[in-house]
Amino acid sequence: MGLGLPLQRFPLPRFLWRATRCVGALVLVLGCVMSQAATADELTDALIRYAMHDYPRAIEMLTPLAERGDAVAQTKLGLIYARGEGVARDDVAALGWLTRAAEQNQSEAQFELGVMYRDGVGTPANGRLAMHWFERATERGVPHAFNAIGEMYLGHQGVAQDYAAALSWFLRGAQLDNAESLYNIGVRYALGQGVERDEVEAYKWFDLAADAGIGELRSAAVRARQAIGEGLMPLQVSRAKTGAHDWLSVQGSASTSPETSLRRTRPTRGTELVRHKRIQ
8 MGLGLPLQRF PLPRFLWRAT RCVGALVLVL GCVMSQAATA DELTDALIRY
58 AMHDYPRAIE MLTPLAERGD AVAQTKLGLI YARGEGVARD DVAALGWLTR
108 AAEQNQSEAQ FELGVMYRDG VGTPANGRLA MHWFERATER GVPHAFNAIG
158 EMYLGHQGVA QDYAAALSWF LRGAQLDNAE SLYNIGVRYA LGQGVERDEV
208 EAYKWFDLAA DAGIGELRSA AVRARQAIGE GLMPLQVSRA KTGAHDWLSV
258 QGSASTSPET SLRRTRPTRG TELVRHKRIQ
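8 is the number of the first residue of the sequence shown in the working numbering; add one for each residue after it.
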């Protein structure tokens, strides 16, 4: 039998209420941390699969992560579809994934998206949008994005030709040790575009580009340097090489901070998509 007393709700003492709230918050935080750790592990596993060229498995693992908003996974998927790695090339899918990653400030995605808009891949060519995404990438310190903007000013649909502006952007890229920018400065001096024609300066910049470049770009810089050098006196060549040495000395001492050193690291991917201007 009951006692016939009315049921009452007794409030928890304040210290117990606060403790309960703290425990709930702690559980929520721990849940988020565990979820992030699990996501990080999944992403790491997916990237390992990609590095092992197991593209089908990498795509299978990256897709749910990308759909949940992981910007790194979105970038990697965009590049996979753009290159047709383990899957039929799909420029529209690449554009979609790269856009989502670029909007989350993934610098590699921003640069590649700029390339797609510049070249009209997966979308009509749009110089304005290409410049927008290249500029976003420069804000993140991407060296080859500076070069890309400079090349846009050399002549591209939707962008007014401006050799002086192009040279300015190339110089900014050169300060980050970008070989394409160094090469393009040499071309400007060789042709007298945006600056007075100066073969000694052209030789200097081609010399720097040959030192910094790799592959096809290095070969082009070496050929250009040789072509310019054939018309110079030995003293002029010596002056050009001294100028190149002085430039490297100034750039090497400009900053020694870890952040600047990281930004000066040459890109390992993406630069092959940049079209190099050749001396005509």
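Ideal Cβ positions, reconstructed from N, Cα and C, are used throughout, including at glycine. Remember, it's a predicted structure, so these values are computed and weren't measured experimentally.
Report task. Measure from the alpha carbon of L120 to the alpha carbon of each residue in V94, G85, R90 and Q168, then state which is nearest. Result -> G85
Report task. Give me the Cα-Cα distance between T82 and L50, rounded to the nearest whole angstrom. Result -> 12 Å
Requested in this report: Using the Cα positions of S175 and E158, report the straight-line distance between them to the nearest angstrom.
Outcome: 11 Å
Query - Helix, strand or coil at H60 according to DSSP, with G and I counted as helix - result: coil
Report task. Using a threshold of 7 Å, state whether the C-beta atoms of L72 and A80 are closer than that. Result -> yes
**Report entry** Neighbourhood of V128 by C-beta distance below 7 Å, restricted to the same chain and skipping five residues each side
**Finding:** D98
**Report entry** Boundaries (first-last residue) of the alpha helix (DSSP H) holding Q81
**Finding:** A78 to R90
**Report entry** Local Cβ density within 10 Å of K211, reported as buried at 16 or more and exposed below that
**Finding:** buried
Query raised in the report: With a CB to CB cut of under 6 Å and the five nearest residues on each side skipped, what residues in its chain are close to T145?
Result: A152 and F153
Query raised in the report: Would you report the Cα separation of N191 and H252, rounded to the nearest angstrom?
Result: 18 Å
Report task. Please report the residue range of the alpha helix (DSSP H) in which A219 lies. Result -> E206 to A219
Query raised in the report: To the nearest angstrom, how far is it from the Cα of A89 to the Cα of V207?
Result: 41 Å
Query - Burial state of R75, where buried means 16 or more other Cβ atoms lie within 10 Å - result: exposed
Query raised in the report: Just curious, the alpha helix (DSSP H) that D98 is in, first and last residue?
Result: D98 to A109
Report task. Decide if A109 is buried, meaning its Cβ has at least 16 other Cβ atoms within 10 Å, or exposed. Result -> buried
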